[in-house]
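Below is one structure, written out as structure tokens, with a few remarks after it.
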Amino acid sequence: MPRFHRILILGGTTEARLLAGRLAAQGEREITVSLAGRVRDIVPHPVPVRVGGFGGIDGLAAHLATEGVDLLIDATHPFADQMSRHAVAASTQAGVPLLALRRPAWIRIEGDRWTEVDDIHQAKAALGDAGRRVFLALGRQEIDGFGWAARHFYLVRSIEPIADRRLDDAVYMTARGPFRETDERALMGAHRIDTVVARNSGGDAGYGKIAAARALGIEVILIGRPALPEAPTVATVDAAMAWIDHRPASTAARGV
Ligand code: NAP
Numbered sequence: 184m185p186r187f188h189r190i191l192i193l194g195g196t197t198e199a200r201l202l203a204g205r206l207a208a209q210g211e212r213e214i215t216v217s218l219a220g221r222v223r224d225i226v227p228h229p230v231p232v233r234v235g236g237f238g239g240i241d242g243l244a245a246h247l248a249t250e251g252v253d254l255l256i257d258a259t260h261p262f263a264d265q266m267s268r269h270a271v272a273a274s275t276q277a278g279v280p281l282l283a284l285r286r287p288a289w290i291r292i293e294g295d296r297w298t299e300v301d302d303i304h305q306a307k308a309a310l311g312d313a314g315r316r317v318f319l320a321l322g323r324q325e326i327d328g329f330g331w332a333a334r335h336f337y338l339v340r341s342i343e344p345i346a347d348r349r350l351d352d353a354v355y356m357t358a359r360g361p362f363r364e365t366d367e368r369a370l371m372g373a374h375r376i377d378t379v380v381a382r383n384s385g386g387d388a389g390y391g392k393i394a395a396a397r398a399l400g401i402e403v404i405l406i407g408r409p410a411l412p413e414a415p416t417v418a419t420v421d422a423a424m425a426w427i428d429h430r431p432a433s434t435a436a437r438g439v
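FYI, the numbering for the sequence shown is 184 to 439, going by the working numbering.
Set out below in structure tokens:
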């Protein structure tokens with residue numbers, strides 16, 4: 184019998200899906216992935232999926248106890264900081280160990296023209312007064328209702344259609360990554376984009392736009408990650424597997 188038998192993975196990322204598959208393939212464990220339900224067309228998972236919020240910290244703690252979860256894995260998107268905070272608090276409350284799987288942020292390299300900002304409001308301000316041709320590569324939540332200035336042209340790409348299309352000079356498109364650099368270059372060229380607004384999500388699936396912007400000499404207004412609470416953390420699916428199979432007690436206690 185493996186050490187952790189019932190594992191709940193807070194998902195919504197490629198890593199969560201891959202980790203679920205790897206754990207399920209070992210057999211003997213019951214793995215569930217939890218999704219927020221932000222997209223209607225859910226990518227198939229190799230394990231059972233539950234969808235929707237838990238009802239805050241107390242709700243998640245109660246869920247862990249009721250379902251007999253003995254390991255909670257926070258593999259949410261790096262910008263889903265509320266869920267990550269709830270995971271830490273609920274794990275303490277329920278006495279269930281927590282592992283966070285957090286992919287590293289992208290690092291600036293030679294040729295990148297990044298303007299790094301802290302949040303969406305700063306990103307909006309960084310666009311300035313002159314009219315630009317902007318590629319908004321953000322989540323629907325960051326696009327809806329944020330009052331993007333009308334003086335710019337926007338190419339708006341999201342997984343789910345934007346219901347509230349209040350930008351006049353805009354092209355709206357839906358697409359789901361991964362996005363290759365060559366395709367991103369073609370897209371930016373076709374719309375004569377001169378600025379990309381993106382979140383520093385890290386990972387390969389979204390890096391194509393960053394590489395394409397570098398190649399084209401285009402500015403990227405890059406929104407930095409929200410602060411996340413301390414938790415035992417790994418950066419890759421492989422490292423998560425190693426942690427789960429051989430968790431060193433000292434590492435868990437130090438919260439690294
Ligand atoms: P959030 O602000 O951290 O979470 C808000 C609430 O949604 C949580 O308190 C929780 O509700 C519920 N929730 C979030 N993730 C969940 C999960 N895996 N399973 C069950 N419930 C979950 O996260 P968000 O509103 O989803 O997204 C914030 C940012 O992350 C946005 O920028 C979004 O574009 C980005 N993002 C999120 C996902 C995703 O799958 N969530 C994927 C890609 C990008 P309760 O308090 O009721 O438990």
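Virtual Cβ for every residue (Gly too), placed ideally from N, Cα, C.
- Across the set 203, 309, 345, the C-alpha of 203 shows the shortest separation from the C-alpha of residue 421.
- At least one heavy atom of the ligand NAP lies less than 6 Å from the C-beta of residue 259.
- With fewer than three CB-CB distances shorter than 8 Å, the segment 410 to 427 does not count as touching the segment 346 to 354.
- The alpha-carbon separation between residue 209 and residue 427 amounts to approximately 12 Å.
- For residue 401, no alpha helix (DSSP H) encloses it, and the DSSP letter there is neither H nor E.
- Cβ atoms of residue 260 and residue 196 come within 8 Å of each other, at about 6 Å.
- Of 350, 332, 334, 320, the smallest CA-CA separation from residue 342 is found for 320.
- At least one heavy atom of the ligand NAP falls within 6 Å of the beta-carbon of residue 218.
- In this structure, the straight-line span from the alpha carbon of residue 240 to that of residue 372 is close to 45 Å.
- For residue 281, the uninterrupted beta strand (DSSP E) run begins and ends at 281 to 284, by DSSP.
- Relative to the non-hydrogen atoms of the ligand NAP, the Cβ of residue 266 comes within a distance shorter than 6 Å of at least one.
- At the C-beta level, residue 388 and residue 360 come within 7 Å of one another.
- Judged by DSSP in its simplified three-state form, residue 257 adopts strand.
- Judged by the Cβ position, residue 193 qualifies as a neighbour of the ligand NAP at the 6 Å threshold, a heavy atom of the ligand being closer than this.
- The C-beta of residue 249 has fewer than 16 other C-beta atoms within 10 Å across all chains shown, which makes the residue exposed.
- Membership of residue 340 in the beta strand (DSSP E) is indicated by the continuous run 336 to 341.
- Per DSSP, the continuous beta strand (DSSP E) segment holding residue 353 begins and ends at 353 to 357.
- Note on geometry: alpha-carbon atoms of residue 266 and residue 206 lie some 22 Å from one another.
- By the Cβ neighbour-count rule, residue 234 is exposed, with fewer than 16 other Cβ atoms within 10 Å of its own.
- Contact check between the segment 298 to 305 and the segment 403 to 411: three or more CB pairs, one atom from each, fall below 8 Å, which counts as touching.
- Counting only the Cα atoms, residue 201 lies some 14 Å from residue 191.
- In the displayed model, residue 375 falls within coil according to three-state DSSP, outside both helix and strand.
- Remark: the C-beta of residue 324 is in contact range of the ligand NAP, defined as less than 6 Å to any heavy atom.
- Classified as exposed, residue 293 has fewer than 16 neighbouring CB atoms from the shown chains inside 10 Å of its CB.
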